[in-house]
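Engineer: Please find one structure pasted underneath; my questions will follow.
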Amino acid sequence: MISSVGKLRRDDQGRDMASLVFIITFLLMAPQLKSIPAENITEDDGMIMDDLMKTEMCPDTIKVRWDELLAREPHVIKQVSVNLVFMISSCCSSTVIKYVDAYQADIVLPVILNYKESGLSSQSKVVPILPNTGVAFVVKRADRKHLPIKILSSIFSSWPVLVLTLLLSVLAGIVAWILDTRQNTEEFPLSFVQGSWEGFWWAFVSMTTVGYGDRCPKTISGRLFAIVWILTGICMCSIFTAMLTTSLTTISLDTMIPLPQAKVAALFGSIEATTGFQRQAQVRRVHSIKEIQEEILEGKAIGGLMDSFTLDHYRDYFPANEFKVQEVISQEYLEYGALIENSSLVSLVKCLKNLRFSEESEMYEYAELYMGKSMKSGLEESMTSGDQTIGVDPEGLLFYPALFTCLGILTFFLISGATWEMCRRTRMRKSERGATKKLEFLVSNTNDTETQKRTALLREFEEQVAGDVRKALMSLRQKFSDRFLLPEKNCNSETQKTWASV
Numbered sequence: 001m002i003s004s005v006g007k008l009r010r011d012d013q014g015r016d017m018a019s020l021v022f023i024i025t026f027l028l029m030a031p032q033l034k035s036i037p038a039e040n041i042t043e044d045d046g047m048i049m050d051d052l053m054k055t056e057m058c059p060d061t062i063k064v065r066w067d068e069l070l071a072r073e074p075h076v077i078k079q080v081s082v083n084l085v086f087m088i089s090s091c092c093s094s095t096v097i098k099y100v101d102a103y104q105a106d107i108v109l110p111v112i113l114n115y116k117e118s119g120l121s122s123q124s125k126v127v128p129i130l131p132n133t134g135v136a137f138v139v140k141r142a143d144r145k146h147l148p149i150k151i152l153s154s155i156f157s158s159w160p161v162l163v164l165t166l167l168l169s170v171l172a173g174i175v176a177w178i179l180d181t182r183q184n185t186e187e188f189p190l191s192f193v194q195g196s197w198e199g200f201w202w203a204f205v206s207m208t209t210v211g212y213g214d215r216c217p218k219t220i221s222g223r224l225f226a227i228v229w230i231l232t233g234i235c236m237c238s239i240f241t242a243m244l245t246t247s248l249t250t251i252s253l254d255t256m257i258p259l260p261q262a263k264v265a266a267l268f269g270s271i272e273a274t275t276g277f278q279r280q281a282q283v284r285r286v287h288s289i290k291e292i293q294e295e296i297l298e299g300k301a302i303g304g305l306m307d308s309f310t311l312d313h314y315r316d317y318f319p320a321n322e323f324k325v326q327e328v329i330s331q332e333y334l335e336y337g338a339l340i341e342n343s344s345l346v347s348l349v350k351c352l353k354n355l356r357f358s359e360e361s362e363m364y365e366y367a368e369l370y371m372g373k374s375m376k377s378g379l380e381e382s383m384t385s386g387d388q389t390i391g392v393d394p395e396g397l398l399f400y401p402a403l404f405t406c407l408g409i410l411t412f413f414l415i416s417g418a419t420w421e422m423c424r425r426t427r428m429r430k431s432e433r434g435a436t437k438k439l440e441f442l443v444s445n446t447n448d449t450e451t452q453k454r455t456a457l458l459r460e461f462e463e464q465v466a467g468d469v470r471k472a473l474m475s476l477r478q479k480f481s482d483r484f485l486l487p488e489k490n491c492n493s494e495t496q497k498t499w500a501s502v
């Protein structure tokens, strides 16, 4: 029969209820639960189990002392509301179980037991109590803030293959130019600079299997070389792609931290500290779970070792978005138990051991009942949350940042393009207006100039005509004068002699 007293402070949350497993399993259980009335509680915090059968192996009083180092939450809650102690018994009846601080105790708990080393079946002073569910190795999640920089670094880390690929493309282009330039000068000119450049372009697009077809060898030797180069280029591109894939995959997957030689934090005197020592880890022993968190956050420890019960109880210290359970270390031999210091309780030890090993499945059921409901979901969340890829999967870490970045850049380009188009059209309108005004001005200036030219030409023509007329009149006048007014000038010598005689 299992008995309990008092009301838990946070029973609605289930955490203090989960803490009772150690006490429930200690002095082990019966098929049903029973609450002890408050009037059965003694003033010295003892409790009389009136409903249990009396046996010869049980004394009137059993003194229990909690080990101050190991009696920690969530496994043990020594004091709850009204400072009561939960006392449970399966083997004894009418026995007062009394909590004492002195060292003259009949039973000391908890202690760490080792199935393999101590040979529990032959030990008469130790009793295993709480089954171990494994040790969780808790580490800090990788910082995702610098993930884009890491991706770019991984891409740039493949530069040797890229440089080698470009050099081979240049060499292949020169060879293709040499083999094809004499009979195909249109696509591979005789000029070394132009021909080698065209050859490099052909080699690069052929290597990437694009093959635009704007350049291609015509000669037999050139085409044979093209076959060899295309096969080589496919291999080079595959190597480059494989290196990028490996780098991105390495970044997307969280690096597994090996436990051996790793600095880990664990509670003093706990199974976790012993497990870390057995796994050759550098264990930093602390006194509280809060100190484990601080050790990890400050970088003094790379991770922490806690059992599943403790991790679930203190899950607020280790949120799933910052921490993860890298692995759960199976622990088959270490277990929390009790040390029977009173040698007269040999029969009680045998009874407790028989119950422990014969009712082991029931013990696990109680552990699952009080701790497993929230513990299981908490561990699954801690182990799976945040383990996302960086690919184009909608659940990936980079999908939405990349999507929103592309949308932002596209929006910026669209707005910039629309602004540019508006400014361009405005400038065109202004230019057209300016050109029209300039044309009008030129036309008006041209008209004035032509008028002036015409006027000048007319004046010049008038002056020329007037001059010609004057010259013609003067010539006619001179001729008339010479012929009629001075006839002697126009006669021959005989006529002149005649006139003279007359």
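In terms of full-length UniProt numbering, the sequence shown has 355 at position 355, counting the first letter as 1, and numbering is strictly consecutive.
Here a beta-carbon is modelled for each residue, glycine too, at the ideal position from N, C-alpha and C.
Every value quoted in this text rests on a predicted model; they were computed, and no experiment measured them.
What would DSSP say about residue 222, mapped onto helix, strand or coil?
Structural biologist: Your numbering for residue 222 matches position 222 in the sequence shown. Three-state DSSP puts residue 222 in a helix.
Engineer: Where in the region 288-348 do unbroken runs of the beta strand (DSSP E), each at least 3 residues long, occur, reported from the N-terminal end onward?
Structural biologist: Counting only runs of 3 or more, we get 303-307, 323-329 and 334-340.
Engineer: Count the other CB atoms, across all protein chains shown, that sit within 10 Å of the CB of residue 321; report buried if there are 16 or more and exposed otherwise.
Structural biologist: If you number the sequence shown from 1, residue 321 lands on position 321. It is exposed - the Cβ of residue 321 has fewer than 16 other Cβ atoms within 10 Å.
Engineer: Please report the straight-line C-alpha distance between residue 293 and residue 313, rounded to a whole angstrom.
Structural biologist: Position 293 of the sequence shown, counting from 1, holds the residue named residue 293. Position 313 of the sequence shown, counting from 1, holds the residue named residue 313. C-alpha separation (whole angstroms): 14 angstroms.
Engineer: Return the Cβ separation of residue 262 and residue 284 in integer angstroms, given the expectation that the two are a contact with Cβ distance under 8 angstroms.
Structural biologist: On the sequence shown, position 262 is the one that residue 262 refers to. On the sequence shown, position 284 is the one that residue 284 refers to. Contact flag wrong, Cβ pair sits at about 11 angstroms.
Engineer: Should residue 307 be labelled buried (16 or more other beta-carbon atoms within 10 Å of its own) or exposed?
Structural biologist: On the sequence shown, residue 307 is found 307 positions in, with the first residue counted as 1. Buried, by the Cβ-count rule.
Engineer: In this structure, does DSSP put residue 215 in helix, strand or coil?
Structural biologist: In the sequence shown, residue 215 corresponds to position 215, counting from 1. In the structure shown, residue 215 sits in coil (DSSP, three-state: anything other than H, G, I, E or B).
Engineer: Under the DSSP definition of a beta bridge, which residues are partnered with residue 141?
Structural biologist: The count along the sequence shown starts at 1 and reaches residue 141 at position 141. Paired residues: none, contrary to the question.
Engineer: From the DSSP output, which residues share a beta bridge with residue 66?
Structural biologist: The sequence position of residue 66 within the sequence shown is 66, counting from 1. According to DSSP, residue 66 bridges with 109.
Engineer: Using DSSP with H/G/I as helix, E/B as strand and the rest coil, what is residue 126?
Structural biologist: Position 126 of the sequence shown, counting from 1, holds the residue named residue 126. Note: residue 126 maps to strand in three-state DSSP.
Engineer: Given a cut-off of 8 angstroms, decide if residue 129 and residue 97 are closer than it, judged by their beta-carbon atoms.
Structural biologist: Numbered from its first residue, the sequence shown carries residue 97 at position 97. Numbered from its first residue, the sequence shown carries residue 129 at position 129. No.
Engineer: Under a three-way DSSP split, which group does residue 405 fall into?
Structural biologist: In the sequence shown, counting from the first residue as 1, residue 405 sits at position 405. Reduced to three states, the DSSP call for residue 405 is helix.
Engineer: Return helix, strand or coil for residue 256, following the three-state DSSP convention.
Structural biologist: Taking the first residue of the sequence shown as 1, we reach residue 256 at position 256. It is coil, neither helix nor strand.
Engineer: Between the Cα of residue 335 and those of 419, 133 and 217, spot the shortest distance and give me the residue it belongs to.
Structural biologist: Here residue 335 corresponds to residue number 335 of the sequence shown, with the count starting at 1. The shortest Cα separation from residue 335 among 419, 133 and 217 belongs to 133.
Engineer: When you compare the region 202-217 with the region 231-245, are there three or more beta-carbon pairs, one atom per stretch, that lie closer than 8 angstroms?
Structural biologist: The region 202-217, when compared against the region 231-245, does touch it at the 8 angstroms Cβ threshold.
Engineer: Could you spell out the range, first to last residue, of the beta strand (DSSP E) harbouring residue 267?
Structural biologist: By one-based count along the sequence shown, residue 267 stands at place 267. Residue 267 -> beta strand (DSSP E) spans 263-267.
Engineer: Who are the near neighbours of residue 274 in its chain, counting only those whose CB is closer than 7 angstroms to its CB and skipping five residues on each side?
Structural biologist: Taking the first residue of the sequence shown as 1, we reach residue 274 at position 274. 112 and 334, listed in sequence order.
Engineer: Suppose the cutoff is 7 angstroms on Cβ atoms and the five residues either side in sequence are ignored; what does the same chain contact list for residue 196 look like?
Structural biologist: Along the sequence shown, one-based indexing puts residue 196 at 196. Correct list, in chain order: 173, 174 and 177.
Engineer: Give me the Cα-Cα distance between residue 318 and residue 256, rounded to the nearest whole angstrom.
Structural biologist: Start at 1 with the first residue of the sequence shown, and residue 318 comes out as number 318. Start at 1 with the first residue of the sequence shown, and residue 256 comes out as number 256. Going from the Cα of residue 318 to the Cα of residue 256 covers about 18 angstroms.
Engineer: Is it buried or exposed, residue 435, if we count other Cβ atoms within 10 angstroms and call 16 or more buried?
Structural biologist: Sequence index remark: in the sequence shown, residue 435 carries index 435 (1-based). Exposed, by the Cβ-count rule.
Engineer: Use the C-beta contact count for residue 429: other C-beta atoms within 10 angstroms, 16 or more gives buried, fewer gives exposed.
Structural biologist: For the purposes of this step, residue 429 is taken as residue 429 along the sequence shown, with counting starting at 1. With fewer than 16 other Cβ atoms within 10 Å, it is exposed.
Engineer: Quick check on this structure: which residue in 105, 101, 110 and 140 has the alpha carbon closest to the alpha carbon of residue 323?
Structural biologist: Position 323 of the sequence shown, counting from 1, holds the residue named residue 323. Of 105, 101, 110 and 140, the residue nearest in Cα terms is 140.
Engineer: Looking only at DSSP bridge pairs, what is residue 184 linked to?
Structural biologist: Your numbering for residue 184 matches position 184 in the sequence shown. Answer is none; residue 184 lacks a bridge partner.
Engineer: Write down every uninterrupted run of the alpha helix (DSSP H) in the region 450-488 whose length is 4 residues or greater and which is fully enclosed by it, in chain order.
Structural biologist: Qualifying alpha helix (DSSP H) stretches: none in this window.
Engineer: Taking all protein chains shown into account, decide if residue 423 is buried (16 or more other Cβ within 10 angstroms of its Cβ) or exposed.
Structural biologist: Mapped onto the sequence shown, residue 423 falls at position 423. Residue 423 should be labelled exposed.
Engineer: Would you call the CB atoms of residue 179 and residue 219 closer than 8 angstroms?
Structural biologist: Taking the first residue of the sequence shown as position 1, residue 179 is located at position 179. Taking the first residue of the sequence shown as position 1, residue 219 is located at position 219. Their beta carbons are under 8 angstroms apart, which means residue 179 touches residue 219 by this criterion.
Engineer: With the cut-off set at 8 angstroms, would you say residue 161 and residue 239 are in Cβ contact?
Structural biologist: Within the sequence shown, numbered from 1, the residue matching residue 161 stands at position 161. Within the sequence shown, numbered from 1, the residue matching residue 239 stands at position 239. It is a contact, given that the beta carbons lie within the stated cut-off.
Engineer: Could you give the C-beta distance for residue 340 and residue 107, rounded to a whole number, given that I count them as a contact under 8 angstroms?
Structural biologist: Here residue 340 is taken as the residue at index 340 of the sequence shown, counted from 1. Here residue 107 is taken as the residue at index 107 of the sequence shown, counted from 1. Yes, residue 340 and residue 107 are in contact; Cβ-Cβ is about 6 angstroms, under 8 angstroms.
Engineer: State buried or exposed for residue 66, treating a residue as buried only when at least 16 other CB atoms are found within 10 Å of its CB.
Structural biologist: Reading the sequence shown from its first residue, position 66 is the one you call residue 66. The residue is buried, with at least 16 neighbouring Cβ atoms inside 10 Å.
Engineer: May I ask you to report which of helix, strand or coil DSSP gives residue 205?
Structural biologist: What you label residue 205 is simply residue 205 of the sequence shown in a count that begins at 1. Three-state DSSP puts residue 205 in a helix.
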